[in-house]
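Chains A and B are the protein sequences, given in the same order. Per my numbering, residue 4 is the first one in the first sequence, and the count goes up by one each step. Per my numbering, residue 2 is the first one in the second sequence, and the count goes up by one each step. Glycine is no exception: its CB is placed at the ideal position from the N, C-alpha and C atoms.
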Amino acid sequence: GAVVSQHPSWVICKSGTSVKIECRSLDFQATTMFWYRQFPKQSLMLMATSNEGSKATYEQGVEKDKFLINHASLTLSTLTVTSAHPEDSSFYICSAKSGTGKQTQYFGPGTRLLVL
Amino acid sequence: GENVEQHPSTLSVQEGDSAVIKCTYSDSASNYFPWYKQELGKGPQLIIDIRSNVGEKKDQRIAVTLNKTAKHFSLHITETQPEDSAVYFCAATPSSSGDKLTFGTGTRLAVRP
Chain A
4 GAVVSQHPSW VICKSGTSVK IECRSLDFQA TTMFWYRQFP KQSLMLMATS NEGSKATYEQ
64 GVEKDKFLIN HASLTLSTLT VTSAHPEDSS FYICSAKSGT GKQTQYFGPG TRLLVL
Chain B
2 GENVEQHPST LSVQEGDSAV IKCTYSDSAS NYFPWYKQEL GKGPQLIIDI RSNVGEKKDQ
62 RIAVTLNKTA KHFSLHITET QPEDSAVYFC AATPSSSGDK LTFGTGTRLA VRP
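Printed below as a string of structure tokens:
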């Protein structure tokens, strides 16, 4: 149980284009999903918290107009990197937790984005 | 906010030996402490967690201890195997944060066969 998937697993795009990453909880309903970014040999940095049916909450320094998050259902959240630039190249990872009072986060396999 | 420090940054042990990774946290309101294992190119995998009302938890070769007074917690891996080689992250979360995790900087564990 507690499986989280991400799609795509890797993507290469040209500078200026937009990229959408999907995060799905496969065997549980995720009331809250989190989006992280991880640079090589560094720790995970939280970008935003996404609750189903409401607007995402962004961490300080994260541009909400650049990283659009939609949590349309209890099993799906999407992250869209708009007008991507080379500095947006990173490993993007989502996690999900199943409900209030439950703190355990289960992580997806990550999406590697390379912007040329 | 919460701040988590993790040591050592790298650890090399002989197969069969034990490995210990230590973390300290700053927010006394933190009440949940998970440990994650991340293999190269993959997402973090939860290996064990502990809540603040418990001092120790064990799952086969893996154990975690928590000292709330000193605000530190440790991961213990016994009888290490080459497949234990990975990066390990500790994390902490106060319930008032909306369950947001603050991660340590990671420990790269290498188990020599």
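At the 9 Å Cβ level, is residue i part of the contact set with chain B, yes or no?
{"i": "Ile96(A)", "result": "yes"}
{"i": "Phe37(A)", "result": "yes"}
{"i": "Ser120(A)", "result": "Shown here, chain A extends from 4 to 119; a query on residue 120(A) therefore has no answer."}
{"i": "Thr20(A)", "result": "no"}
{"i": "Lys17(A)", "result": "no"}
{"i": "Val7(A)", "result": "yes"}
{"i": "Lys23(A)", "result": "no"}
Give the secondary structure of residue i by DSSP, where H, G and I count as helix, E and B as strand, and everything else as coil.
{"i": "Glu66(A)", "result": "coil"}
{"i": "Pro35(B)", "result": "strand"}
{"i": "Asp100(B)", "result": "coil"}
{"i": "Glu25(A)", "result": "strand"}
{"i": "Pro89(A)", "result": "helix"}
{"i": "Thr78(A)", "result": "coil"}
Can you find a C-beta in chain A that's less than 9 Å from the C-beta of residue i?
{"i": "Phe90(B)", "result": "yes"}
{"i": "Asp100(B)", "result": "yes"}
{"i": "Phe104(B)", "result": "yes"}
{"i": "Thr94(B)", "result": "yes"}
{"i": "Gly17(B)", "result": "no"}
Measure how close the beta-carbons of residue i and residue j come, nearest whole angstrom, since I'm counting them as under 8 Å.
{"i": "Gly111(A)", "j": "Gln9(A)", "result": "4 Å"}
{"i": "Asp50(B)", "j": "Tyr33(B)", "result": "7 Å"}
{"i": "Leu77(A)", "j": "Thr34(A)", "result": "7 Å"}
Taking CB distances under 9 Å as the criterion, tell me whether residue i reaches chain E.
{"i": "Glu40(B)", "result": "No chain E is present in this structure, whose protein chains are A and B."}
Margin query: Taking beta-carbon pairs under 9 Å, can you tell me which members of the stretch 33-66 of chain B lie near chain A?
Written below: Residues of the stretch 33-66 of chain B with a C-beta less than 9 Å from any C-beta of chain A: Tyr33, Pro35, Tyr37, Gln39, Gly42, Lys43, Gly44, Pro45, Gln46, Leu47, Asp50, Arg52, listed in chain order.
Notebook entry, point to check: Using Cβ-Cβ distances below 9 Å, what residues of the stretch 107-119 of chain A are close to chain B?
Noted result: Of all residues in the stretch 107-119 of chain A, Thr107, Gln108, Tyr109, Phe110, Gly111, Pro112, Gly113, Arg115 have a Cβ within less than 9 Å of some Cβ in chain B.
Check: In chain order, which beta strand (DSSP E) runs of at least 3 residues are fully inside the stretch 44-89 of chain B?
Finding: Inside the stretch 44-89 of chain B, DSSP marks whole beta strand (DSSP E) runs of 3 or more residues at positions 46-52, 57-60, 63-68, 73-78, from first to last along the chain.
Check: What are the residues of the stretch 67-84 of chain A that lie near chain B, defined by any Cβ-Cβ distance shorter than 7 Å?
Finding: So the list is empty, because no residue satisfies the distance condition.
Note to self: Beta carbons nearer than 7 Å to chain B: which residues of the stretch 45-67 of chain A have them?
What the structure shows: The stretch 45-67 of chain A vs chain B, Cβ under 7 Å: Ser46, Leu47, Leu49, Thr52.
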